[in-house]
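I have placed the structure first, in the form of structure tokens, so that the comments after it can refer back to it.
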Amino acid sequence: MSTRTSTRGSGTEIAGSTAALLASRLRSLGEQRSLSAGLLILAVVVFLALAGEYLTPFDPTLSVVAVGGKIHNIPPLLPPGSTVRIDERTELLFVLGTDHLGRDVLSRIVTGARFVLTVALVATAISAAIGVTLGLLSGYVGGALDRVVSLVMDSMYAFPGLVLAIAVAALLGTGILNMATAIAVVYIPSYYRMVRGAVLSLKSLPFVEALRVMGMDTPSILFRHIAPNALYSIIAVLPMNFADAVITEAALSFLGLGISPPTPDWGYDLNTGRRYFLSGHWWIGAFPGMMIVLTVLGFLLVGEGLGERFNPRRLMRR
Amino acid sequence: MGLRDYVVKRILLMIPIVFVLLTIVFVLLRALPGDPVTMLEGKDIPEEVLARRRAELGLDQPLHVQYLNYLASVLRGDLGYTALERIPVAEYIAMRLPATVELALAASLLSIMIGVALGMLASFYRTKTTLPVVKIYSSVTFAIPVFYLGLLLQATLGVGAGLFPTGGRLSALNEVALSPRPTGFVVVDAFIVGKPWIVVDFLHHLALPSLTLGIYLSSVFARVTYLTLAEVTSQDYFTAGRSRGLTKTMLVLRYGMRNAMIPLITMAGLQVAALLGGAVLTETVFNWPGIGYVVYEGILKRDYVLVQGAVTIYAIIVAVVNLVVDIVYAYIDPRIRY
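Keeping their order, the protein sequence lines are chains A and B.
Quick note on numbering: the first sequence equals residues 1 to 318 in this note's numbering.
Quick note on numbering: the second sequence equals residues 1001 to 1338 in this note's numbering.
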């Protein structure tokens, strides 16, 4: 960030101006509706992912419920808002209905947040780590390395990402890390392109030349001085990557490449619900689908807000 | 360099691109940990059987030999055999290619129509609310997974309103009436066989899948059209045109859209990857018998050779489509010569 505080000012002055700066930042943060709306949505989804089973009225993986020391079967395919009378005192309410096995849909969509968010987080981390490293090296070193890596990255970028992810996921099998790897492969080129572009424009700036004249070695220049400036460019990409990762995770699960049942997962449940959708039992698939849309929308809004905030040049890029 | 030289150069450039794409496919499918044979046969099979199967597929060779074998067999057009029916994969996929082309063309056409119409409307009636409308539309259509959108359309327009069939490419009767297929493209075949009315049934089946994929892709076009037109209409020559008495409609259509063409075509080119990826999901939801459905079949039947073959074909399609887009681009914008 290019905020300059006077070096001559006393400590309290600096602290005061930083606080004022922070306050004004926060104020304009509040003004930015898309950013705050997105953050709000994400806060809810992350809370669901963390709290999970502690919130749900029923066990998301079981089609039975224990009431008064006795085990009762839950009827399958109950429409939203159904109630089931167990005895004189207890009546169970299934707000969003039950699925084909008699599991509570509400409990499943609440706990389903955890898996998809974990996969998306790991996938984003992997692709950012690899893409940024390659972009930094390729952009700074240049020459033959740059040409080869760029060619590979451009080819991957042109390839339909979902097909790549499917091929990798089909080979690696299920599980968080395997799915995350499959999804990560798709977005490496996006980071690579952003960071490489930033490095290319940064390395010709006078301050880099000055550092070199001062005798600083290449790794220090690259990682301590160029990297922090170049990384600025990916702030707006991260949420978009997250949004895409959520969609891709859902798509892989939908195609049967996701986690193994009975762990709740939106994409998987949507795939299950697909078979019941057209016979009128729409709620099994519709609610997990809505959660996917909501989560992706949250990330998009945050991405849009951050993009406007941190990178005003974004609109002028190419 | 003239257009012809550029085209020749661009076609020659396709060779290294295909080569790189095939290498990426190979690296992803073979060099990553994960054993296709175990995936294929299951974990409970005795080791001898697995070893035999591995030898059969050439997977016991060192990686560089496998790589050369892979390239050589792709050049020969040999993609192996399907696990169950023992049909050549290349033949199996070639049979499905026309359906994907039909869907892709229809969806692209619809997405551009929807997107451009929306972008034009929004910029034409420009008020404080139109930009948010375009933004919301493009965010929401981006956020809805294409398979969910497909299901929603199936449930509403398909089953609910009973307007369209929810799956397949033709009704069973017409499917029979049309075979054997001379070209594989329904529209062409229907005329060759002399039963042009089959086209109506085909379009009826095509409606929902192409609408699904079309809406999914339209958001980018809406955004680009709106932004370009917003820029153009604030130019001086636009004001000059207005002051000389040209109507706004005339200006937007004749001058605004002409400027919007180049970014739109660029976008169309960039959308190819999204189109092909989206087609896998759309074909799965609507049982549309294209290559995307082959991928899904490969996963369901755990047929690794089939998945690998389909991904290889995708690599070649991507290279060809990018070639076509680049040539069209160079034709439209004479400044483009690399």
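Beta carbons: idealized from backbone N, C-alpha and C, even for Gly.
Buried or exposed for residue i, please, with buried defined as at least 16 other CB atoms from any protein chain shown within 10 angstroms of its CB.
i	result
T1082/B	buried
G30/A	Any reading at G30/A is ruled out, since the residue's pLDDT is 48, under 50, leaving its predicted position unreliable.
F1221/B	buried
K1135/B	buried
T1129/B	exposed
N73/A	exposed
W1197/B	exposed
E1085/B	exposed
F299/A	buried
H1064/B	exposed
F287/A	buried
N1069/B	exposed
V95/A	exposed
F58/A	buried
I1015/B	exposed
T1233/B	buried
A180/A	buried
G1277/B	buried
M153/A	buried
L1229/B	buried
A1172/B	exposed
L93/A	exposed
A170/A	buried
R1244/B	exposed
Under DSSP, the alpha helix (DSSP H) around residue i begins and ends at which residues?
i	result
F1026/B	L1003 to F1026
I1045/B	Here I1045/B belongs to no alpha helix (DSSP H), and DSSP marks it neither H nor E.
I130/A	V105 to V141
I1265/B	M1257 to L1270
A1083/B	That residue, A1083/B, is in no alpha helix (DSSP H); it is neither H nor E in DSSP.
V1133/B	T1130 to A1143
V1159/B	Unbroken run through V1159/B: none, as it is neither H nor E.
R1223/B	I1198 to V1232
G67/A	First, the amino acid is wrong: residue 67/A is Val here, not Gly. Careful: V67/A lies outside any alpha helix (DSSP H), inside the beta strand (DSSP E) at V64 to V67.
E1175/B	A1172 to L1178
N271/A	W266 to F277
S253/A	V237 to F254
L1251/B	K1248 to L1251
R1169/B	Looking at the DSSP string, R1169/B is not in any alpha helix (DSSP H), and its letter there is neither H nor E.
D1326/B	Y1304 to I1332
F159/A	No alpha helix (DSSP H) holds F159/A; DSSP gives it neither H nor E.
My assumption, with CB atoms under 8 Å, is that residue i sits in contact with residue j. Please give the rounded CB distance.
i	j	result
Y187/A	D244/A	7 Å
L1251/B	R1258/B	Contact doesn't hold; Cβ gap of about 11 Å is too wide.
G97/A	P79/A	5 Å
L1217/B	S1111/B	4 Å
G1290/B	A1094/B	Rounded, the Cβ-Cβ distance is 12 Å, inconsistent with contact.
F1164/B	V1187/B	With a Cβ gap of about 18 Å, F1164/B and V1187/B do not count as contacting.
L117/A	V44/A	Rounded, the Cβ-Cβ distance is 12 Å, inconsistent with contact.
A1122/B	V1140/B	Not a contact, Cβ separation roughly 15 Å.
V122/A	I166/A	Going by Cβ atoms, the distance from V122/A to I166/A rounds to 18 Å, so no, they are not a contact pair.
R274/A	L1151/B	6 Å
A66/A	S127/A	Rounded, the Cβ-Cβ distance is 43 Å, inconsistent with contact.
L1022/B	L1097/B	That pair is no contact at about 18 Å.
I1114/B	G1214/B	6 Å
When you measure from the CB of residue i to every non-hydrogen atom of the ligand ADP, does any distance come out below 8 Å?
i	result
R1126/B	The ligand ADP is not among the ligands present in this structure, which contains no ligands whatsoever.
At which residues does the beta strand (DSSP E) containing residue i begin and terminate?
i	result
L93/A	E91 to F94
P73/A	Reading off the sequence shown, one finds Asn at residue 73/A, where the question assumed Pro. Where N73/A is concerned, the enclosing beta strand (DSSP E) stretches over K70 to N73.
V84/A	S82 to R85
V185/A	Careful: V185/A lies outside any beta strand (DSSP E), inside the alpha helix (DSSP H) at I176 to L202.
Any residues in the region 279-298 of chain A with a beta carbon nearer than 7 Å to a beta carbon of chain B? Which ones, in chain order?
W282, G285, G289, I292, V293, V296 and L297
When you check each C-beta in the region 1148-1173 of chain B against every C-beta of chain A, which residues fall closer than 7 Å?
Y1148, L1151, Q1154, A1155, V1159 and T1166
Tell me, please, whether the region 1208-1220 of chain B touches the region 1093-1113 of chain B by the rule of three or more beta-carbon pairs shorter than 8 Å.
yes
Is the region 1266-1276 of chain B close to the region 1152-1167 of chain B, with three or more CB pairs under 8 Å?
no
Three or more C-beta pairs under 8 Å: does that hold for the region 1310-1329 of chain B against the region 1116-1130 of chain B?
no
Between the region 161-178 of chain A and chain B, which residues of the former have a C-beta closer than 7 Å to a C-beta of the latter?
G161, L162, V163, L164, I166, A167, V168, A170, L171, L172 and G173
Can you pull out the residues from the region 1231-1261 of chain B whose beta carbon lies closer than 8 Å to at least one beta carbon of chain A?
none
Touching by the beta-carbon criterion (3+ pairs, under 8 Å), the region 299-308 of chain A and the region 1021-1028 of chain B:
no
Can you find at least 3 beta carbon pairs, one from the region 186-202 of chain A and one from the region 126-137 of chain A, that sit closer than 8 Å?
yes
Mind listing which residues of the region 238-267 of chain A have their C-beta closer than 7 Å to chain B's C-betas, in chain order?
I247, A250, A251, F254, L255, G256 and L257
Cβ pair count under 8 Å reaching 3, the region 1258-1267 of chain B against the region 1219-1239 of chain B
yes
Against chain B: residues of the region 91-110 of chain A by CB proximity under 8 Å:
none
Check whether the region 194-205 of chain A touches the region 137-147 of chain A, taking contact to mean three or more Cβ pairs, one atom from each stretch, closer than 8 Å.
yes
Take every Cβ of the region 213-224 of chain A, pair it with every Cβ of the region 281-295 of chain A, and state whether three or more of those distances are shorter than 8 Å.
no
Counting pairs of Cβ atoms below 8 Å between the region 243-260 of chain A and the region 104-119 of chain A, do you hit three or more?
yes
The region 1277-1309 of chain B: positions lying closer than 9 Å to chain A by Cβ
G1277, G1278, A1279, V1280, L1281, T1284, V1285, G1292, V1295, Y1296, G1298, I1299, L1300, R1302, Y1304, V1307 and Q1308
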